[in-house]
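K.L.:
Numbering (the numbering used here), first residue to last: 1256 to 1591.
Here's a structure for you.
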């Protein structure tokens, strides 16, 4: 990089001597400006500086590094069209560039730019006026937030900044249009990335911010894919002891969760979906670990889970069949 090359300047005395002898003055060499340094003011690290501080072979700068830094620069300082293209290109690098999350988080102003992209569509949520192009653009920004939420070194920083709260207005929408469905699904993906590592801190944050009611609504009315991600989040919350105790602490919370699960079972009778059924069974099984919930489930567990209604759907899913058998055993009169 140019920033690492020494700057050599011909002393003025030598220039004067050369001019007196009739020779043209030697040009002064100046250090080119590294465009990457322009992404942050003095006292803040540029994406390139952050990348150089990373350990091991990651420090080697390649053409791919230069592309990433260029897109970050465009995201920060480019035109509206350039920013939109930068969001798209950076999103394509999520799986290929393992330290993209670190670059995004530690580059001055990048997270603010991403939040600006999110906030800019709030006025389009109610009444629903979100276009497909606007939805695609904000979903590209959400994809980069998911990258940050997934990385072990940035997950808790992301959480402590309460950035997930900026996504809740998207989860609270009810429009059935493709643009809104895509927005909800991508937002759920960010929350799903947070819960994947089974962190109690993540669970406590989500419980304190009332994520469960938002997920329950999507579980009941969303598309199959959105339902699958939403129930995955609820299942991960239930797998944590804090989450299970929270849901079973009051009858109202347990009733809300069990009612939506029951409605999903009835929907699956008409439109079978093995992925959804897998999560439904595991949610019921986890609820049966709580004594009060187990007693209630003995009375209200949907009949299709007790008989052979889903035998064809589960014919190749040994794991879910085992979970269903364990659930029924837990609810039997002989279980202590």
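Ideal Cβ positions, reconstructed from N, Cα and C, are used throughout, including at glycine.
Run through DSSP, which three-state label would residue 1491 get?
P.N.:
Mapped onto the chain shown, residue 1491 falls at position 236. Three-state DSSP puts residue 1491 in a helix.
K.L.:
Given a cut-off of 7 angstroms on the beta-carbon distance, is the pair residue 1447 and residue 1488 in contact?
P.N.:
Position 192 of the chain shown, counted from the start, is the residue given in the question as residue 1447. Position 233 of the chain shown, counted from the start, is the residue given in the question as residue 1488. Cβ distance < 7 angstroms, so residue 1447 and residue 1488 count as in contact.
K.L.:
Measuring only the C-alpha atoms, how far is residue 1291 from residue 1547?
P.N.:
In the chain shown, residue 1291 corresponds to position 36, counting from 1. In the chain shown, residue 1547 corresponds to position 292, counting from 1. The pLDDT assigned to residue 1291 is 42, lower than 50, so where the model puts this residue is not dependable, and the model offers no usable value.
K.L.:
If you count every other CB in all the chains shown that lies within 10 Å of the CB of residue 1567, and 16 or more means buried, which is it?
P.N.:
Here residue 1567 is taken as the residue at index 312 of the chain shown, counted from 1. Label assigned to residue 1567: exposed.
K.L.:
Take the Cβ of residue 1376 as the centre, count every other Cβ of all protein chains shown within 10 Å, and call the residue buried at 16 or more, exposed below.
P.N.:
Here residue 1376 refers to the residue found at position 121 of the chain shown. Buried: at least 16 other Cβ atoms inside 10 Å.
K.L.:
Identify, in the order they occur along the chain, each residue of the same chain with its Cβ nearer than 7 angstroms to the Cβ of residue 1499, setting aside the five sequence neighbours on each side.
P.N.:
Here residue 1499 is taken as the residue at index 244 of the chain shown, counted from 1. Cβ within range, chain order: 1493, 1541, 1544, 1545.
K.L.:
Between which residues of its own chain and residue 1470 is the CB-CB distance below 7 angstroms, once the five residues before and five after are set aside?
P.N.:
As a first step, residue 1470 must be located in the chain shown, where it is residue number 215. 1485, 1488, 1489.
K.L.:
Can you have a look at residue 1526 and say buried or exposed, based on whether 16 or more other CB atoms are within 10 angstroms of its CB?
P.N.:
Working through the chain shown from its first residue, we reach residue 1526 at position 271. Looking at its Cβ environment, which holds fewer than 16 other Cβ atoms inside 10 Å, residue 1526 is exposed.
K.L.:
If you draw a straight line from the C-alpha of residue 1397 to the C-alpha of residue 1449, how long is it?
P.N.:
Locating residue 1397 in the chain shown gives position 142, counting from the first residue. Locating residue 1449 in the chain shown gives position 194, counting from the first residue. Residue 1397 and residue 1449: Cα-Cα distance of roughly 13 angstroms.
K.L.:
Can the beta-carbon of residue 1481 be found closer than 7 angstroms to that of residue 1440?
P.N.:
If you number the chain shown from 1, residue 1481 lands on position 226. If you number the chain shown from 1, residue 1440 lands on position 185. Yes, the pair counts as a contact, with Cβ atoms nearer than the cut-off.
K.L.:
For residue 1285 and residue 1437, what's the separation of their Cα atoms in angstroms?
P.N.:
The residue you call residue 1285 lines up with position 30 of the chain shown. The residue you call residue 1437 lines up with position 182 of the chain shown. Because the pLDDT at residue 1285 is just 37, under 50, the model does not fix this residue reliably, and the value given afterwards should be weighed accordingly. Residue 1285 and residue 1437: Cα-Cα distance of roughly 50 angstroms.
K.L.:
Measuring straight from C-alpha to C-alpha, what distance separates residue 1497 and residue 1505?
P.N.:
By 1-based counting over the chain shown, the position of residue 1497 is 242. By 1-based counting over the chain shown, the position of residue 1505 is 250. The straight-line gap from Cα to Cα measures roughly 14 angstroms.
K.L.:
Distance check for residue 1435 and residue 1389, CA to CA, integer angstroms please.
P.N.:
Taking the first residue of the chain shown as 1, we reach residue 1389 at position 134. Taking the first residue of the chain shown as 1, we reach residue 1435 at position 180. Going from the Cα of residue 1389 to the Cα of residue 1435 covers about 10 angstroms.
K.L.:
Report yes if the CB atom of residue 1569 is closer than 7 angstroms to the CB atom of residue 1576, and no otherwise.
P.N.:
Here residue 1569 refers to the residue found at position 314 of the chain shown. Here residue 1576 refers to the residue found at position 321 of the chain shown. Their beta carbons are under 7 angstroms apart, which means residue 1569 touches residue 1576 by this criterion.
K.L.:
Could you tell me how far apart the beta carbons of residue 1523 and residue 1531 are, in whole angstroms, since I believe they sit closer than 8 angstroms?
P.N.:
Position 268 of the chain shown holds residue 1523. Position 276 of the chain shown holds residue 1531. Taking the Cβ atoms as the reference, residue 1523 lies roughly 6 angstroms from residue 1531, within the contact range of under 8 angstroms.
K.L.:
Do you know how far the Cα of residue 1468 is from the Cα of residue 1588?
P.N.:
The residue you call residue 1588 lines up with position 333 of the chain shown. The residue you call residue 1468 lines up with position 213 of the chain shown. When rounded, the distance between both Cα atoms is 32 angstroms.
K.L.:
Find the nearest neighbour of residue 1425 within the set 1455, 1405, 1378, 1414, judged by alpha-carbon distance.
P.N.:
For the purposes of this step, residue 1425 is taken as the residue at position 170 of the chain shown. Closest by alpha carbon: 1378.
K.L.:
Is it right to say residue 1431 is buried, meaning 16 or more other beta carbons lie within 10 angstroms of its own, or is it exposed?
P.N.:
To locate residue 1431, count along the chain shown from 1; it is residue 176. Burial call: exposed.
K.L.:
Quick check on this structure: which residue in 1465, 1408, 1573, 1339 has the alpha carbon closest to the alpha carbon of residue 1368?
P.N.:
For the purposes of this step, residue 1368 is taken as the residue at position 113 of the chain shown. Looking from the CA of residue 1368, the closest CA among 1465, 1408, 1573, 1339 belongs to 1339.
K.L.:
Return the residue from the list 1427, 1412, 1400 that minimises the CA-CA distance to residue 1382.
P.N.:
Along the chain shown, one-based indexing puts residue 1382 at 127. Of the listed residues, the one whose Cα sits closest to residue 1382 is 1427.
K.L.:
So, for residue 1457: in the same chain, excluding its five sequence neighbours on each side, which residues have a beta-carbon less than 7 angstroms away from its beta-carbon?
P.N.:
In the chain shown, the residue the question calls residue 1457 occupies position 202. These residues qualify, in order along the chain: 1414, 1449, 1450.
K.L.:
Quick check on residue 1557: does DSSP put it in helix, strand or coil?
P.N.:
Stepping through the chain shown from its first residue, residue 1557 is reached at position 302. Three-state result, residue 1557: coil.
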